[in-house]
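In the working numbering, the protein residues as written are 1417 to 1764.
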Ligand code: SF4
């Protein structure tokens, strides 16, 4: 452990200030904090709660139903990151739709799906575009590439999300946010400064043990004053201006829209959809998709978990009916999901 990490550890273990609830917005933070045993260092008056930063977890049930509709009713080939294949829809996950004839193929990037479209002109390839500011640029690049090449057999089913309005929807759920460094690497830090001006505190955190220790220590140090604060604890990657090239690409291809978050409902202007100029690559428009509303499993408390209202182990089916092998909700599927982290590391 380096000197900075030791100092941070001492600040954390000796904290005697007011009780604090700190929200790890990002699922990668949740898993890393468990993995390095950081929770065990925390004094009783500091609680870490999970937030809505796992892209698979916040994707609503209806989105899975839409993908299944495209596969079974329109004969499209669904391409997606692996995790999404196991997320339950209203009736079944995409994995279950395969048994009914759906073609579902995992890919590593949206450009892999574009390549699949190039190689298979007789197939209609749809890529499931989910994720935050970190992954949205790659979906935009795929749409841009397909448009440039005039591909007629490629489209996106979008459920991309942005964090700023989600923070507003989570107001009051935590005393401070551990902001996801990889998202801020794209957006910059202006949003965090704006939140501070509104009384919301937080720090941008990196992903190593030392970076996470430092970020938590900085929260505890600043919390003593009782004033709102913001500190960028990941300056080697996060610059105030973010990544202008990625921002420019997103602004060219997509525009903000209202969107549904699993468990949080519709958050105004918290989603991204393809602009009119890219309508030929928008699967909902291309296939005149009817409105499809999903019905979440009433036993699943993913919505409460994602808002820090309960811990995964408070869900009645956690670890019994719902396990990584047989997930009932999205938070148990994804590697970044809070329920999967609690299950894997035995969190309470
Ligand atoms: S344990 Fe399973 S059912 Fe319960 S909230 Fe988590 S994912 Fe949903």
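For every residue, glycine included, the Cβ atom is placed at its ideal position computed from N, Cα and C.
Relative to the Cα of residue 1680, the nearest Cα in the group 1583, 1740, 1731 belongs to 1583. Taking 8 Å as the upper bound for CB-CB distance, residue 1491 and residue 1540 are in contact here, some 7 Å apart. In the DSSP assignment, residue 1437 forms a beta bridge with 1463. In the DSSP annotation of this structure, residue 1442 is not part of any alpha helix (DSSP H), being labelled neither H nor E.
With a cutoff of 7 Å, residue 1745 counts as near ligand 1, since its C-beta is closer than that to a heavy atom of the ligand. With a cutoff of 8 Å on beta-carbon distance, residue 1506 and residue 1529 are scored as not near each other.
Judged by pairs of C-beta atoms under 8 Å, the segment 1588–1597 does not touch the segment 1703–1722, as fewer than three such pairs exist. The C-beta distance from residue 1487 to residue 1519 rounds to 6 Å, short enough to meet the 8 Å contact threshold.
In the three-state reduction of the DSSP assignment, residue 1607 falls in the helix class, which pools H, G and I.
Within the segment 1549–1604, the alpha helix (DSSP H) runs of at least 4 residues that lie entirely inside it are, in chain order, 1552–1565, 1580–1585, 1597–1603. At least one heavy atom of ligand 1 falls within 7 Å of the beta-carbon of residue 1734. Residues 1605, 1620, 1654 of the same chain have their beta carbon placed closer than 6 Å to that of residue 1648, with the five preceding and five following residues left out of the count. With a cutoff of 7 Å, residue 1731 counts as near ligand 1, since its C-beta is closer than that to a heavy atom of the ligand.
For the 8 Å CB-CB criterion, residue 1549 and residue 1599 form a contact. Between the segment 1547–1562 and the segment 1636–1650 there are fewer than three inter-stretch CB-CB distances shorter than 8 Å, so the stretches are not counted as touching. DSSP, read as helix, strand or coil, puts residue 1692 in helix. Boundaries of the alpha helix (DSSP H) harbouring residue 1479: 1477–1489, taken from the DSSP string.
Annotation for residue 1463: 1437 place their beta carbon closer than 6 Å to its own, counting only its chain and skipping 5 residues before and after. Shortest Cα-Cα distance from residue 1514 to any of 1501, 1458, 1732 involves 1501.
In this structure, residue 1746 keeps its C-beta atom at 8 Å or more from the C-beta atom of residue 1441. Taking the C-beta atoms as reference points, residue 1611 is found nearer than 8 Å to residue 1618.
Per DSSP, reduced to three states, the secondary structure at residue 1546 is strand. At least one heavy atom of ligand 1 lies closer than 7 Å to the C-beta of residue 1728. Residue pairing of residue 1670 in beta bridges, as defined by DSSP: 1690. Going by DSSP, residue 1535 is part of the alpha helix (DSSP H) stretching over 1526–1535. Ranking 1671, 1517, 1510, 1544 by CA distance to the CA of residue 1524 puts 1544 first. Its Cα nearest to that of residue 1686, the residue 1673 stands out among 1673, 1614, 1563, 1715. Check the Cα spacing between residue 1534 and each of 1571, 1725, 1585: the tightest is with 1571. With respect to the C-alpha of residue 1542, the residue from 1459, 1700, 1756 having the closest C-alpha is 1700. Look at the beta carbons and you see the segment 1467–1485 touching the segment 1750–1758: at least three pairs across the two are nearer than 8 Å.
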